[in-house]
Amino acid sequence: MSNSKMKKLTPTQQEYQKLALAKEPKRPLLINCWHAFVAGGTICLIGQVVQTAFIKWGGFEQKDAGNPTVAVMVILSTILTVLGVYDKLAQWAGAGSAVPVTGFANTMSSAALEHKSEGMVLGVGGKMFKVAGPVIVFGTVAAFIIGILHWVFNPSMGGMV
Amino acid sequence: MDFFWAFVIGGLICVFGQICFDVFKLSPAHTATLLVVLGAIVGGLGLYEPFIEFAGAGASIPITSFGNSLVKGALGELKIHGLVGVVTGIFEITSAGISSAIIFSFFAALIFKPKG
Amino acid sequence: MLQGHQTWVFQNQPTISGTATVVGPFEGQGPLSNDFDIIHGDLSVGQKSWEKAERTLLEEANKLAIENAGLTKEQINFYLGGDLMDEIISSSFAARTLAVPFLGIFGACSTAMEGLSLASLIIDTNSANYVLASACSHNASAEKQFRYPTEYGAQKPPTAQFTVTGAGSAVVTKGGKGPKVLSATIGRVIDMGLKDPFNMGAAMAPAAVDTIQAHFRDLKLEPSYYDLIVTGDLAKVGYELALELFKKHHFPIAETQYNDCGMMIYDYETQDVQAGGSGCGCSAVVTYGHLFKKLRRGDYKRILVVATGALLSPLSFQQGESIPCIAHAVAIEGGKE
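Residue numbers (my numbering), protein chains in the order written: chain A, 85 to 245; chain B, 15 to 130; chain C, 7 to 343.
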């Protein structure tokens, strides 16, 4: 395999990298995907139950129930993080625990907990977004770009016209 | 049926995430970022809301939904206030997730210690 | 005395008169648990932070090693210490407690043997009477600094390694009772362009092989000279690659036993450690705990300990750099009681 990255390496390095790749224990993709499916599905199922509960008994409309549901999932995730259980779950679940919003809450609560030793302001406050930051930054930038595109291609949306 | 699709669709989005981990060797941060951006794009195409109607929590719980909420906010304000709304409206709808994560993480850190 | 290009042969019998190993709960559940001096049941060692916990382990190991050597800390001329923390704060702060003239060193996970080499050189050249060398690591402080917050749910790949929570200290003296340090080979930095911080074994194997070959080349010896050659923390993945490299270079490793501390310290069946153990503490506690017990019992007469280190930082990785590695080898003999 020849590409620009490999070309910067010496023949010895290239040879060793091929060897290292060949000897690398393969990740159990099918098992991991199955675990991710089950774990992720279960978390979303729990979310569905919570959302239904908010609609039936909380008096929320279908379109509003999403917000308190997310808040509840965040609380659940924070509790599991604090109990030291979320990371154990994640080794089994993989993306099944990282992809749902519970994963997002876990990044924040785990970072907050970890950096408590550096104080509430600089530690907890300053480092809470350590792992979650990219999601917020790129989500915001993506939303901005898409908004601009909508404005450019859809002038009836307001502004210029 | 709501529950069935919530489980299946949520599970499938996570499988896509797992493929990002194991096949494309992306880190969790990169994967989550990719998913948020994909969610934003699908939302921008007007397809995420119907997706939520179909799959319920299976579409609204994964992090992709966050991207959709950000776009929904931007587009909502764009309609009312024009171009400036693209910037001001982004966090209109999504505050539940971020606010609750900040608040509960803060209080968790106040009270608890990491266990390793 | 220099022999060959990068090896010191010690003529004046620098002796390891006292050692101590202090480990955390997970290591205490492993197959070598009977070989450690102190096992803590609490990962935080009763301290407010992981960093303070690591420092406490090191301070305990230092104190006990000095006691085991039959000395007081006032008698120690120099203290060589290193760890994985930024600015090696575990060692610096332990040095503050000891109040001994301090030389901070950094070799990542190769620090234990780097320290022992230098301590032996200092003793051998009559530049001190008593030198203390130590290395430590802590699973949680290493995860926090190099990877993710400890409660973060990131799935670890099978190539990942588990940082050992442990501190190992040794007092080197001129003569006396204990295993003797025969020679030490200082390694070069080897970088095969590998970039995956979750597969350090693969990155470090070439450095281990390079130093081992240099050792035998400089001393004009064969592997059968030693009862055991043991690497620090190549773990399963790096170990296999080292064997392949030995084969490729026609190095007769099969003449002797070859093992790896990262593979010895945990039980793969019952402990979820992926490829195996790593960290400065790994080679330190396995060597000073388990291997020294074997030396004292006469199970081994002469061993070569090759501690291996990956010299990356979270920043270098984020900036797209590859992982340069190093290995230091120390030959130890005798000590049978």
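Glycine included, each C-beta is placed from N, C-alpha and C at the ideal position.
Only a predicted model underlies this, so the values are computations on that prediction, with no experimental measurement involved.
{"Item": "Mind checking if P163 of chain C is an interface residue toward chain A, Cβ cutoff 8 Å exclusive?", "Value": "yes"}
{"Item": "Taking the alpha carbon of G287 of chain C as the point to measure from, which residue in C:L63, C:G47, C:K58 has its own alpha carbon closest?", "Value": "C:L63"}
{"Item": "List in chain order: all unbroken alpha helix (DSSP H) runs of 4+ residues lying wholly within the region 157 to 218 of chain A.", "Value": "170 to 177, 179 to 182, 185 to 198"}
{"Item": "Using the Cβ count rule (16 or more neighbours within 10 Å means buried), how would you classify E66 of chain C?", "Value": "buried"}
{"Item": "Is M244 of chain A buried or exposed, if buried means 16 or more other CB atoms sit within 10 Å of its CB?", "Value": "Reliability of the predicted coordinates at M244 of chain A is poor, the pLDDT of 43 falling under 50, and the value obtained from them is presented with this limitation in mind. Exposed: under 16 other Cβ atoms inside 10 Å."}
{"Item": "For G72 of chain B, tell me which candidate among A:A189, A:G125, A:P112 has the shortest Cα-Cα distance.", "Value": "A:G125"}
{"Item": "Note down, in chain order, each residue of its chain lying with its Cβ closer than 6 Å to the Cβ of T169 of chain C, except the 5 sequence neighbours on either side.", "Value": "S143, N145, A148, S284, G285"}
{"Item": "Relative to chain A, which residues along the region 80 to 92 of chain B have a C-beta separation below 8 Å, given in chain order?", "Value": "F80, G81, L84, V85, G87, A88, L89, L92"}
{"Item": "Should S86 of chain A be labelled buried (16 or more other beta-carbon atoms within 10 Å of its own) or exposed?", "Value": "The predicted model places S86 of chain A with a pLDDT of 49, which falls under 50 and marks its position as unreliable; any figure quoted below should be read in that light. Classification for S86 of chain A: exposed."}
{"Item": "Are L138 of chain C and V177 of chain C close, meaning C-beta to C-beta below 8 Å?", "Value": "yes"}
{"Item": "For the beta strand (DSSP E) containing G180 of chain C, name the first residue and the last one.", "Value": "Correcting the residue type first, residue 180 of chain C is Lys in the shown sequence and not Gly. Segment 172 to 180, the beta strand (DSSP E) holding K180 of chain C."}
{"Item": "Is it right to say W235 of chain A is buried, meaning 16 or more other beta carbons lie within 10 angstroms of its own, or is it exposed?", "Value": "buried"}
{"Item": "Per DSSP, what kind of secondary structure is H334 of chain C in: helix, strand or coil?", "Value": "strand"}
{"Item": "Checking the sheet assignment: what are the DSSP bridge partners for T27 of chain C?", "Value": "C:G174"}
{"Item": "What residues in the region 92 to 117 of chain A have a beta carbon less than 7 Å from any beta carbon of chain C?", "Value": "L93, Q97, Y100, Q101, L103, A104, K107, E108, P109, R111"}
{"Item": "Determine, for N238 of chain A, whether the minimum Cβ-Cβ distance to residues of chain C falls below 8 Å.", "Value": "no"}
{"Item": "Just mark E120 of chain C as buried or exposed, buried being the case when its beta carbon has 16 or more other beta carbons within 10 Å.", "Value": "buried"}
{"Item": "What do you reckon, are the CB atoms on I309 of chain C and G184 of chain C nearer than 8 Å?", "Value": "no"}
{"Item": "In this structure, does DSSP put S319 of chain C in helix, strand or coil?", "Value": "coil"}
{"Item": "Just verifying my parser: in three-state terms, what is the DSSP assignment at P229 of chain C?", "Value": "helix"}
{"Item": "Restricting to Cα atoms, I'd like to know which of C:E250, C:V236, C:I338 is closest to G304 of chain C.", "Value": "C:I338"}
{"Item": "So, with DSSP's three-state summary, where would you put G87 of chain C?", "Value": "strand"}
{"Item": "For G203 of chain A, count the other beta carbons within 10 Å of its own beta carbon; 16 or more makes it buried, fewer makes it exposed. Which is it?", "Value": "exposed"}
{"Item": "Do the region 210 to 226 of chain C and the region 96 to 111 of chain C meet, that is, are 3 or more Cβ pairs less than 8 Å apart?", "Value": "no"}
{"Item": "Would you give the residue range spanned by the beta strand (DSSP E) that D197 of chain C belongs to?", "Value": "Note, D197 of chain C: premise wrong, no beta strand (DSSP E); not H, not E."}
{"Item": "Given H95 of chain B, which residues of its chain have a CB within under 6 Å of its CB, disregarding the five upstream and five downstream residues?", "Value": "none"}
{"Item": "Could you run through the region 16 to 38 of chain B and flag, in chain order, every residue whose CB is less than 7 Å away from some CB of chain C?", "Value": "F35"}
{"Item": "Any C-beta of chain B sitting closer than 8 Å to the C-beta of V205 of chain A?", "Value": "no"}
{"Item": "Does any residue of chain A have a CB that is nearer than 8 Å to the CB of N205 of chain C?", "Value": "yes"}
{"Item": "Are any of the Cβ atoms in chain B nearer than 8 Å to that of E33 of chain C?", "Value": "no"}
{"Item": "When you compare only the Cα positions, how much space is there between T156 of chain C and S201 of chain A?", "Value": "13 Å"}
{"Item": "Below 7 Å on C-beta distance, what does K150 of chain C contact in chain A?", "Value": "E198"}
{"Item": "Taking DSSP's pairing of strands, which residues face K186 of chain C in a bridge?", "Value": "C:T21, C:E339"}
{"Item": "What alpha helix (DSSP H) runs, 4 residues minimum, are completely inside the region 211 to 272 of chain C?", "Value": "241 to 254, 267 to 270"}
{"Item": "Determine, using beta carbons only, whether P320 of chain C comes closer than 8 Å to chain A.", "Value": "no"}
{"Item": "Quick check: what's the CA-CA separation for S328 of chain C versus S123 of chain C?", "Value": "27 Å"}
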